[in-house]
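Q: The structure that follows is given in the form of structure tokens.
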Amino acid sequence: MDWAMKFQQLRYREKQSDWFGKRGLSWHISTVISSDTKNEGSLELQSYAHLFDTCQQDWFAVSSIIENTLKVIKTQKPHVTQVYLRSDEAGCYHNNALIAAAKDIGQRVGIAVCRYDYSEPQYGKDVCDRILWPMKTCIRRYCNEGHDILCAESMRTALSERPVKGTSACVCEVDEEKETLQVKKIDGFGKLHNIQFEEKGIRVWKAYGIGRGKEISFEQLVSQSQGSTGLKIVNDFFAPEDTRAYKCKKPLPESSDDDSDSELDIFECSEPGCVKSFQTFSDLESHLDIGDHSVKDGQKQTLYDKLRRDWVERFTTAVNISEDEACPPTNTTNENESSLPNNGIQIGWALSKPRSGSSRFSEKVRSYLTARFDIGELTGHKADPQKVSTDMRNARDEQNNRLFTREEWLTKTQIQGFFSRLAANRRKNKDLLDLEYKEVLREYEECERQALIAEIAEQIKPQHPISYDAFNLCECARENKLCKFNLAMLKQIFHYFAIPFSSKYRKKDFIAELTYFIEECACFRQ
Numbered sequence: 297m298d299w300a301m302k303f304q305q306l307r308y309r310e311k312q313s314d315w316f317g318k319r320g321l322s323w324h325i326s327t328v329i330s331s332d333t334k335n336e337g338s339l340e341l342q343s344y345a346h347l348f349d350t351c352q353q354d355w356f357a358v359s360s361i362i363e364n365t366l367k368v369i370k371t372q373k374p375h376v377t378q379v380y381l382r383s384d385e386a387g388c389y390h391n392n393a394l395i396a397a398a399k400d401i402g403q404r405v406g407i408a409v410c411r412y413d414y415s416e417p418q419y420g421k422d423v424c425d426r427i428l429w430p431m432k433t434c435i436r437r438y439c440n441e442g443h444d445i446l447c448a449e450s451m452r453t454a455l456s457e458r459p460v461k462g463t464s465a466c467v468c469e470v471d472e473e474k475e476t477l478q479v480k481k482i483d484g485f486g487k488l489h490n491i492q493f494e495e496k497g498i499r500v501w502k503a504y505g506i507g508r509g510k511e512i513s514f515e516q517l518v519s520q521s522q523g524s525t526g527l528k529i530v531n532d533f534f535a536p537e538d539t540r541a542y543k544c545k546k547p548l549p550e551s552s553d554d555d556s557d558s559e560l561d562i563f564e565c566s567e568p569g570c571v572k573s574f575q576t577f578s579d580l581e582s583h584l585d586i587g588d589h590s591v592k593d594g595q596k597q598t599l600y601d602k603l604r605r606d607w608v609e610r611f612t613t614a615v616n617i618s619e620d621e622a623c624p625p626t627n628t629t630n631e632n633e634s635s636l637p638n639n640g641i642q643i644g645w646a647l648s649k650p651r652s653g654s655s656r657f658s659e660k661v662r663s664y665l666t667a668r669f670d671i672g673e674l675t676g677h678k679a680d681p682q683k684v685s686t687d688m689r690n691a692r693d694e695q696n697n698r699l700f701t702r703e704e705w706l707t708k709t710q711i712q713g714f715f716s717r718l719a720a721n722r723r724k725n726k727d728l729l730d731l732e733y734k735e736v737l738r739e740y741e742e743c744e745r746q747a748l749i750a751e752i753a754e755q756i757k758p759q760h761p762i763s764y765d766a767f768n769l770c771e772c773a774r775e776n777k778l779c780k781f782n783l784a785m786l787k788q789i790f791h792y793f794a795i796p797f798s799s800k801y802r803k804k805d806f807i808a809e810l811t812y813f814i815e816e817c818a819c820f821r822q
């Protein structure tokens, strides 16, 4: 199984403006390898493409595709009762949820899921990638004939009109609302590559065939089981034109090098170590799809293979060397070397080792690096990490003793990372201080502004007593004598105190405005 790269929309006559902002169409390829019931000793290959207009490529989409594919297989081949799954280690495949849902999917369909194997890097997807290119070519050819490929439905039409041998396609949608599975996390699940489904749980291996495997019960894995995924089929699979078949040939008797030179098999298998060759390219493709590689010791062994085997044979055995120079030479060297046990390698030596956590620098190392960094900032000549790394090996204290041990020496990359983190932290602290200073300064400026406004308002407000000519307006307002002034006199008072007024004001309006102005005096506030 494999998710293909999203297919970009195609137009028969595409404008330059149509080239930008294209939406990729998701499609998933599942290749089924099964025994051919009609021809004994032959294998049949059938590829199914699930096409989506929009799809989130997660574990639930993969489980929906697996369930639908198994239903199609059960319909077309009722005799199939077991299935073995294989894919790469993409996140949508290599996760707890898909493994927890796989067994239930098989029980609902009626095909038991026996194993799930994850391929090594760059392996395992060739059977899908090999059929994917002819399918892309057929879609492009259909587009060049005057059609637009803008959605999953048009992709299916292209694949049905220009079919590829042994392929079929359908248009579907994932029903995200039916996702109900809840799982428990398995520690170190990313290191597991082979999973076997049993009655009460699963058995997992880090590498195929190494050890008995580790048993994990479904109670430790599943909190809430997944029901039917219910993949929505918009347009079902069309009948494939034909099937691809691989005929398993009987092994030929071993022949000499002279006989092999006279053979007409010119297409050799590209798998490292495989010695098979074929007369036609189609036979080679079928061989690569099945993966039935044959490795024979001593035949077609390259110089590099021989060197590797000799190196392993020489350096994986324990050799005892006597320190006694007076020991007489013996002629039993070969017998002793051949009888030595091969105890240098343990099971699982080729597995990837867990990454060790990062260790903190000692306080002495941090102080030294910080001092070198500060000196560089003060002098304007930044410390070179390579030079600092060299100086650490010879650094001494006041008593002329070595400052650092061999374990405390740092590389250029480590020192460069320390300087980078130190500069970033100081820059961050400086930014925080600048921000706090700006906030304090802003508050101080606001206080100064309010004080200045208050001072100006105090200076421009009326001062007691408010008088015009010989009239004390404060007493007039307190004794309600402002009404004695006529309209012309009120206008002169307004002009004198620069009080704005309208030409439509009447006498009562002038008196009201003048009263409000006089009440601002301190004598009224007291």
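To convert, count from 1 in the sequence shown and add 296; that's our numbering. Glycine included, every Cβ here is placed at the ideal spot set by N, Cα and C.
Looking only at its chain, what residues have a beta carbon closer than 6 angstroms to the beta carbon of C290, apart from the 5 residues adjacent to it on each side?
A: Outside the displayed span of the chain (297 to 822) sits residue 290, for which this structure offers no information.
Q: For L306 versus I401, is the C-beta distance shorter than 8 angstroms?
A: For the purposes of this step, residue 306 is identified with residue 10 of the sequence shown, where counting begins at 1. For the purposes of this step, residue 401 is identified with residue 105 of the sequence shown, where counting begins at 1. Cβ distance not < 8 angstroms, so L306 and I401 don't count as in contact.
Q: Report the option in E751, F790, I749, Q746 whose CA atom is closest to the CA atom of I762.
A: The residue given as residue 762 occupies position 466 in the sequence shown. Ranking the options by Cα distance to I762, first place goes to F790.
Q: On the DSSP letters alone, give me the boundaries of the alpha helix (DSSP H) that H791 sits inside.
A: Within the sequence shown, numbered from 1, the residue matching residue 791 stands at position 495. Its alpha helix (DSSP H) spans residues 783-793.
Q: Starting from the C-beta of N616, find all residues in its chain whose C-beta is less than 6 angstroms away, skip the five residues before and the five after it, and write them out in chain order.
A: Taking the sequence shown and counting its residues from 1, one reaches residue 616 at position 320. Residue confidence for N616 is low, a pLDDT of 49 falling below 50, so the modelled location carries little weight; the figure read from the coordinates is stated next. There are no such residues.
Q: From this set, T576, E704, D588, which residue's C-alpha is nearest G569's C-alpha?
A: On the sequence shown, residue 569 is found 273 positions in, with the first residue counted as 1. Among T576, E704, D588, the Cα nearest to that of G569 is on D588.
Q: In whole angstroms, what is the alpha-carbon distance linking D553 and F563?
A: Position 257 of the sequence shown holds residue 553. Position 267 of the sequence shown holds residue 563. Any reading at D553 needs caution, since the residue's pLDDT is 44, under 50, leaving its predicted position unreliable; the model's value is listed next. Spanning the two alpha carbons is a distance of roughly 17 angstroms.
Q: Could you name the residues of the same chain whose beta carbon sits closer than 8 angstroms to that of K660, not counting the 5 residues immediately before and after it, in chain order?
A: In the sequence shown, residue 660 corresponds to position 364, counting from 1. Excluding sequence neighbours, K660 sits near L699, F700, E704.
Q: Which residues does DSSP pair with H324 in a beta bridge?
A: Residue numbering aside, residue 324 sits at position 28 when the sequence shown is read from its first letter. Its beta-bridge partners are W299, H346.
Q: Could you check if R668 is buried or exposed, using at least 16 other CB atoms within 10 Å of its CB as the buried criterion?
A: Taking the sequence shown and counting its residues from 1, the one referred to as residue 668 is at position 372. R668 should be labelled buried.
Q: Can you name the residues that DSSP bridges to W705?
A: Counted from its first residue, the sequence shown places residue 705 at position 409. The partner list for W705 (beta bridge, DSSP) is empty, contrary to what the question assumes.
Q: With three or more C-beta pairs closer than 8 angstroms as the rule, is the segment 487-504 touching the segment 458-469?
A: Flag = no, the segment 458-469 and the segment 487-504 do not touch.
Q: Which of helix, strand or coil does DSSP assign to F514?
A: In the sequence shown, the residue the question calls residue 514 occupies position 218. DSSP places F514 in helix when its eight states are reduced to three.
Q: So for C447, helix, strand or coil by DSSP?
A: For this step, residue 447 is matched to residue 151 along the sequence shown. The answer is coil: DSSP assigns C447 none of H, G, I, E or B.
Q: Under the three-state reduction of DSSP, which class applies to D555: helix, strand or coil?
A: In the sequence shown, the residue the question calls residue 555 occupies position 259. Unreliable positioning characterises D555 in this predicted model, as indicated by a pLDDT of 45, which lies under 50. A coordinate reading is not provided.
Q: Suppose contacts are defined by Cβ-Cβ distances below 8 angstroms. Is Q378 in contact with A408 by that definition?
A: In the sequence shown, the residue the question calls residue 378 occupies position 82. In the sequence shown, the residue the question calls residue 408 occupies position 112. The answer is yes: Cβ separation under 8 angstroms.
Q: Residues in the same chain with beta-carbon distance under 6 angstroms from F316, minus the five sequence neighbours each way, listed in chain order, please.
A: Working through the sequence shown from its first residue, we reach residue 316 at position 20. The answer is none, since no qualifying residue turns up.
Q: Suppose you measure from the CA of R580 to the CA of L341; what does that come to, to the nearest Å?
A: By 1-based counting over the sequence shown, the position of residue 580 is 284. By 1-based counting over the sequence shown, the position of residue 341 is 45. Checking the displayed sequence, the identity of residue 580 turns out to be Leu instead of Arg. If you take the alpha carbons of L580 and L341, they lie about 14 angstroms apart.
Q: Note down, in chain order, each residue of its chain lying with its Cβ closer than 7 angstroms to the Cβ of E537, except the 5 sequence neighbours on either side.
A: Here residue 537 corresponds to residue number 241 of the sequence shown, with the count starting at 1. Within the same chain, and ignoring the five residues on either side of E537 in sequence, the residues whose Cβ sits closer than 7 angstroms to its Cβ are P459, K461.
Q: Express the C-alpha separation of S513 and E495 in angstroms, rounding to a whole number.
A: The count along the sequence shown starts at 1 and reaches residue 495 at position 199. The count along the sequence shown starts at 1 and reaches residue 513 at position 217. If I take the Cα positions, the gap works out to 9 angstroms.
Q: Which runs of the alpha helix (DSSP H) at least 4 residues long sit entirely within the segment 343-409? Give them in chain order.
A: 355-372, 392-405
Q: Since K528 and E473 are thought to touch, with beta carbons under 8 angstroms apart, how far apart are those beta carbons, to the nearest angstrom?
A: Stepping through the sequence shown from its first residue, residue 528 is reached at position 232. Stepping through the sequence shown from its first residue, residue 473 is reached at position 177. At roughly 11 angstroms, the Cβ-Cβ gap does not stay under 8 angstroms, so K528 and E473 are not in contact.
Q: Look up W501 in the DSSP assignment and give the residues it is bridged to.
A: Locating residue 501 in the sequence shown gives position 205, counting from the first residue. Answer is N490.
Q: Going by C-alpha distance, which of D606, K787, Q712 is nearest P284?
A: This structure does not reach residue 284, given that the chain is present from 297 up to 822, and the question cannot be answered.
Q: First and last residue of the alpha helix (DSSP H) that includes E673?
A: What you label residue 673 is simply residue 377 of the sequence shown in a count that begins at 1. Residues 659-675.
Q: Just the Cα atoms here: how many angstroms apart are C439 and A454?
A: Working through the sequence shown from its first residue, we reach residue 439 at position 143. Working through the sequence shown from its first residue, we reach residue 454 at position 158. Approximately 8 angstroms between the Cα atoms of the pair.
Q: May I have the straight-line CA-CA distance separating R656 from Q710, to the nearest angstrom?
A: Numbered from its first residue, the sequence shown carries residue 656 at position 360. Numbered from its first residue, the sequence shown carries residue 710 at position 414. Between R656 and Q710, the C-alpha separation is close to 11 angstroms.
Q: Applying the criterion that 16 or more other CB atoms from any shown protein chain within 10 Å of the CB defines a buried residue, is V328 buried or exposed?
A: Taking the sequence shown and counting its residues from 1, one reaches residue 328 at position 32. With 16 or more other Cβ atoms within 10 Å, it is buried.
Q: Comparing C-alpha positions only, which one of A396, I491, L706 sits nearest to I506?
A: For this step, residue 506 is matched to residue 210 along the sequence shown. Closest option to I506, Cα to Cα, is I491.
Q: Taking a contact to mean a Cβ-Cβ separation below 8 angstroms, would you say D384 touches S415 in this structure?
A: Numbered from 1 along the sequence shown, position 88 holds the residue referred to as residue 384. Numbered from 1 along the sequence shown, position 119 holds the residue referred to as residue 415. It is a contact, given that the beta carbons lie within the stated cut-off.
Q: Identify which residue in F533, L366, E310 has its Cα closest to the Cα of C466.
A: Counting from 1 along the sequence shown, the entry for residue 466 is found at position 170. Closest by alpha carbon: F533.
Q: What does DSSP give as the partner residues of L603 in its beta bridges?
A: On the sequence shown, residue 603 is found 307 positions in, with the first residue counted as 1. Its beta-bridge partners do not exist; DSSP assigns none.
Q: Where does T463 sit, in a helix, a strand or coil, going by DSSP?
A: Position 167 of the sequence shown, counted from the start, is the residue given in the question as residue 463. If DSSP states are grouped into helix, strand and coil, T463 belongs with the strands.
Q: With DSSP as the reference, please indicate the residues paired to F563 in a beta bridge.
A: As a position in the sequence shown, residue 563 is number 267, starting the count at 1. DSSP, once it has assigned bridges, lists F574 as partnering F563.
Q: Please state whether the Cβ-Cβ distance between I749 and L778 is less than 8 angstroms.
A: In the sequence shown, the residue the question calls residue 749 occupies position 453. In the sequence shown, the residue the question calls residue 778 occupies position 482. Not in contact: I749 and L778 (Cβ atoms no closer than 8 angstroms).
Q: Where does F820 sit, in a helix, a strand or coil, going by DSSP?
A: Sequence index remark: in the sequence shown, residue 820 carries index 524 (1-based). Reduced to three states, the DSSP call for F820 is helix.
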